[in-house]
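K.L.:
Residue numbers (numbering that gives the first Met the number 0), protein chains in the order written: chain W, 0 to 204; chain C, 0 to 204. Quick reminder that beta carbons are idealized off the backbone N, C-alpha and C, glycines included. All values reported here derive from a predicted model rather than from experimental measurement.
Number of protein chains: 2
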Amino acid sequence: MTIPAKSVPPPRERIIDAARDLFRKHGIRGIGVDAIADAAGSNKMTLYRHFGSKDDLLIACIEKASLEAESLWEELEKAHPGDAAAQLQDWVRRAGEFVTVDHGNCELLDAAAQLVESNHPAHYLIKESRRTHRLRLTQLCRNAGIAEAELLVDALTLLIEGARVNWRCAGADGPSSRFVEVAEMVIKAFMDRPVSCVAHRLEMQ
Amino acid sequence: MTIPAKSVPPPRERIIDAARDLFRKHGIRGIGVDAIADAAGSNKMTLYRHFGSKDDLLIACIEKASLEAESLWEELEKAHPGDAAAQLQDWVRRAGEFVTVDHGNCELLDAAAQLVESNHPAHYLIKESRRTHRLRLTQLCRNAGIAEAELLVDALTLLIEGARVNWRCAGADGPSSRFVEVAEMVIKAFMDRPVSCVAHRLEMQ
DNA sequence: AACACATGTTACGGGTCGGTAACATTGTCA
DNA sequence: TGACAATGTTACCGACCCGTAACATGTGTT
Chain W
0 MTIPAKSVPP PRERIIDAAR DLFRKHGIRG IGVDAIADAA GSNKMTLYRH
50 FGSKDDLLIA CIEKASLEAE SLWEELEKAH PGDAAAQLQD WVRRAGEFVT
100 VDHGNCELLD AAAQLVESNH PAHYLIKESR RTHRLRLTQL CRNAGIAEAE
150 LLVDALTLLI EGARVNWRCA GADGPSSRFV EVAEMVIKAF MDRPVSCVAH
200 RLEMQ
Chain C
0 MTIPAKSVPP PRERIIDAAR DLFRKHGIRG IGVDAIADAA GSNKMTLYRH
50 FGSKDDLLIA CIEKASLEAE SLWEELEKAH PGDAAAQLQD WVRRAGEFVT
100 VDHGNCELLD AAAQLVESNH PAHYLIKESR RTHRLRLTQL CRNAGIAEAE
150 LLVDALTLLI EGARVNWRCA GADGPSSRFV EVAEMVIKAF MDRPVSCVAH
200 RLEMQ
């Protein structure tokens, strides 16, 4: 019983979690390390003992978010073993929740948007995470029998990130409320005609 | 010849233009009033003589961007008089340019995203501008013979704003490069079946 | 008890930034 | 020329924030 009950995570984890939450709510520049340490039930000194700088803390947050995003695919496979179409549908449902609920781990985008043209070391992590996510989703669409999987993935990516942005500034009653509806419709359009409009347009030329 | 040649706009306009540009590039909190005044070829003092605060300057920027966005509809009507379908197609094309080129006046979203939960007075302006934009686009879709115009507008809104966000952090070779393609496909899907998938889903229940 | 170690507390330095004050400069009009 | 308004220049204040130093407080181990 050296560790009687892990009722409270160690300070490092609490700080990361608090930072992720506050970064998402107020932006990276919008929140101070003191407030983060305070929200984590700790203080600035222990924060700086674990993370050499605010940037290091940000990187740790992105790494954790990236790991969580990676676990999504295992959950989908476990929920619908071998059924790619059901997994894709479930993905849309979960994406809709990530949009309409604030606790989504889509903070990679927010972080990236705030680091534009800054040569921040976190850029590499974000790009890498997004690349693997894109590949996974493409494979899922392909397994679901969709011919133009890449185009569908791009469409879904635009939709979900547009929904996120819209939800934040236009509220829950804005266009983001129709995300699932629109996404399902787009998927259906891709499934109904594996020979897509692109092929049609190519034929016309 | 009191005013020989308006080769250079007055400081107020130059400051607003510089602020819009820098707000977009670095974020509202990411740029200082001194840098804005400098980029406008002016000083902080004249900036504060025209705008009582940085927030006032931001509001002036939003108002100007909102006016420019409003003029879009007149241009569309002038380019394709009476042809709603062509206007809608042109809208998609222009939206694609706004996404892939940085000078787009879609900065309302960026401003709103940075003012989340801050009770900023600019929130009202942004919401109002977005509301009228939504109404105009809905009317355009309806004139183009689309039954579920509201849903299509929501879909297009999600797509364009997702494309903007993606372009900023994933680069020009990311999903945003397919925006026009996806948007045209979605519009085509709405045109091909005025009785949409929503109606189908209602029938199933 | 004694020690090592992680954590908490307080205070401070250095920097940035929003905003103001006082003064100098320019340009226009009578 | 003289007056007046708009603009430019410099300096400064106060607030905020990142990061560090020094010290105090536990906590577990031997």
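#1: Does chain C have any CB closer than 8 Å to the CB of residue 134 (chain W)?
#2: In the structure shown, what three-state DSSP assignment does residue 29 (chain C) receive?
#3: Which class does residue 65 (chain C) belong to by DSSP, given the choice of helix, strand or coil?
#4: Would you mind stating whether residue 169 (chain W) and residue 93 (chain C) have Cβ atoms separated by less than 8 Å?
#5: Could you check whether residue 91 (chain C) and residue 179 (chain C) sit closer than 8 Å to each other, using their CB atoms as the reference points?
#6: At the level of alpha carbons, what is the spacing between residue 76 (chain C) and residue 166 (chain W)?
#7: Shortest alpha-carbon distance to residue 205 (chain W) belongs to which of W:139, W:55 and W:62?
#8: How long is the line joining the alpha carbons of residue 141 (chain W) and residue 186 (chain W), rounded to whole angstroms?
#9: If I follow the unbroken alpha helix (DSSP H) through residue 114 (chain C), where does it start and stop?
#10: At which residues does the alpha helix (DSSP H) containing residue 191 (chain W) begin and terminate?
#11: My guess is that residue 114 (chain W) and residue 122 (chain W) are in contact by the Cβ rule of under 8 Å, so how many angstroms apart are they, rounded?
#12: Below 7 Å on C-beta distance, what does residue 174 (chain W) contact in chain C?
#13: Indicate whether residue 177 (chain W) and residue 98 (chain W) have their beta-carbon atoms separated by less than 8 Å.
#14: Take the Cβ of residue 81 (chain C) as the centre, count every other Cβ of all protein chains shown within 10 Å, and call the residue buried at 16 or more, exposed below.
#15: For residue 41 (chain W) versus residue 19 (chain W), is the C-beta distance shorter than 8 Å?
#16: Using beta-carbon positions only, say whether residue 124 (chain W) and residue 61 (chain W) come within less than 8 Å of one another.
#17: Mind checking which residues open and close the alpha helix (DSSP H) that includes residue 217 (chain W)?
#18: Output the distance between the C-alpha atoms of residue 10 (chain C) and residue 126 (chain C), rounded to the nearest integer angstrom.
#19: Tell me the rounded alpha-carbon separation between residue 59 (chain W) and residue 157 (chain C).
#20: Since residue 160 (chain C) meets chain W, which of its residues come closer than 7 Å, beta carbon to beta carbon?
#21: Say whether chain C places a C-beta atom closer than 8 Å to the C-beta of residue 28 (chain W).
#22: Quick one: give me the first and last residue of the alpha helix (DSSP H) that residue 95 (chain W) is part of.
#23: If you count every other CB in all the chains shown that lies within 10 Å of the CB of residue 147 (chain C), and 16 or more means buried, which is it?
#24: Examine chain W for any beta-carbon lying closer than 8 Å to the beta-carbon of residue 15 (chain C), and answer yes or no.
#25: Please say whether residue 17 (chain C) and residue 84 (chain C) have beta carbons closer to each other than 8 Å?
#26: Beta carbon of residue 31 (chain W), beta carbon of residue 161 (chain C): below 8 Å?
#27: Does any CB atom of chain W fall closer than 8 Å to the CB of residue 185 (chain C)?
#28: Taking Cβ to Cβ, would you say residue 15 (chain C) is nearer than 8 Å to residue 57 (chain C)?
#29: At the 8 Å Cβ level, is residue 180 (chain C) part of the contact set with chain W, yes or no?
#30: Do residue 151 (chain W) and residue 159 (chain W) have their C-beta atoms closer together than 8 Å?
#31: Leaving out five residues before and five after residue 22 (chain C) in sequence, what residues of the same chain have Cβ atoms less than 6 Å from its Cβ?
#32: What's the gap between the Cα of residue 182 (chain C) and the Cα of residue 191 (chain W)?
P.N.:
Here's the rundown:
#1: no
#2: coil
#3: helix
#4: no
#5: yes
#6: 30 Å
#7: The displayed coordinates of chain W run from 0 to 204. Any statement about residue 205 (chain W) would go beyond what the structure contains.
#8: 12 Å
#9: Where residue 114 (chain C) is concerned, there is no enclosing alpha helix (DSSP H), given that its DSSP letter is neither H nor E.
#10: 178 to 191
#11: 6 Å
#12: 153, 156 and 157
#13: no
#14: exposed
#15: no
#16: yes
#17: The structure shown has nothing for residue 217 (chain W), since chain W only spans 0 to 204.
#18: 28 Å
#19: 30 Å
#20: 161, 164 and 165
#21: yes
#22: 83 to 99
#23: buried
#24: no
#25: no
#26: no
#27: yes
#28: no
#29: yes
#30: no
#31: none
#32: 17 Å
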